[in-house]
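First residue of the sequence shown? That's 2 in this note's numbering, and the numbers climb one at a time after it.
We treat Cβ as the ideally placed atom computed from N, Cα and C, and that holds for glycine.
Note that the coordinates shown come from a computational prediction; the quantities given were computed from them, not determined experimentally.
Some notes on the structure that comes next.
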Amino acid sequence: MLFPDMTVLENLQMGAYLGRARKKLADSMDWVYGLFPILQKRQSQLAGTLSGGEQQMVAIGRGLMSLPRLLILDEPSLGLAPMLVAEVFQVIQKINQEGVAILLVEQNVHQSLKISNRAYLLENGSIAMEGRASELLDRDYIRESYLGI
Numbered sequence: 002m003l004f005p006d007m008t009v010l011e012n013l014q015m016g017a018y019l020g021r022a023r024k025k026l027a028d029s030m031d032w033v034y035g036l037f038p039i040l041q042k043r044q045s046q047l048a049g050t051l052s053g054g055e056q057q058m059v060a061i062g063r064g065l066m067s068l069p070r071l072l073i074l075d076e077p078s079l080g081l082a083p084m085l086v087a088e089v090f091q092v093i094q095k096i097n098q099e100g101v102a103i104l105l106v107e108q109n110v111h112q113s114l115k116i117s118n119r120a121y122l123l124e125n126g127s128i129a130m131e132g133r134a135s136e137l138l139d140r141d142y143i144r145e146s147y148l149g150i
C-alpha cells in the first residue's frame, strides 16, 4: 500500500522512519535507487500517479528502507506487464543475494521457484508439498498442475 498523495521520495522516507534505518537514510535511499533507478527519476512525482509497476517498486523500496532482515512480499507480480514481472523477480533475487531473507507469496509459480531456495505449496490452506525449490520445479505434479507443462 502506498500513500498516493505523497511523492515517491516521501513514501520511501516513511520506510526509514524508525530506529537504525533513520540514521542510515542516505545509504538506504542509494540502495533503493540502485535497485529501481526509475524511482530516482520519479522522486518528486505523486505515488498515486505512477504506473502499477512503478507503484510496486515504491512499495518494495519503502519496505527496504527499514533495513529489514526479512522482507515479506505478497503477490509482487500481480497485475504487472510480463516485462516488469521479470524485472521485479530479478530485483527480489538481488535483494536476497544481498542478505535479506525473503518470504514470497506468489501465484507465478515458475518465476518464484526459479529464484527461491525453499518452497511450500499450499492447497486449500494446508501444506501439500514442500522442499528445495529446484526439486519442486522438477516434480511432474507441479509442472502439470501449475506450470501447464
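> Would residue 89 pass as a contact of residue 81 if the rule is Cβ separation under 8 Å?
Replying inline: yes
> Would you call residue 83 buried or exposed, if buried means 16 or more other Cβ atoms sit within 10 Å of its Cβ?
Replying inline: exposed
>> Applying the 10 Å Cβ sphere with the 16-neighbour rule, what's the burial state of residue 126?
In response: exposed
>> Considering Cα atoms alone, identify which of 43, 86, 52, 96 is closest to residue 64.
In response: 96
> Can you give, in chain order, each stretch of the beta strand (DSSP E) that sits fully within the segment 17-69 and has at least 3 residues?
Replying inline: none
> Could you give the residue range of the alpha helix (DSSP H) that holds residue 127?
Replying inline: That residue, residue 127, is in no alpha helix (DSSP H); its beta strand (DSSP E) goes 127-133.
>> For a test of the three-state rule: what should DSSP assign to residue 102, helix, strand or coil?
In response: strand
> Which residue or residues does DSSP assign as beta-bridge partners of residue 123?
Replying inline: 128
> Per DSSP, residue 75 forms a beta bridge with which residues?
Replying inline: 106
> How would you call residue 108, buried or exposed, if buried means at least 16 neighbouring beta carbons within 10 angstroms?
Replying inline: exposed
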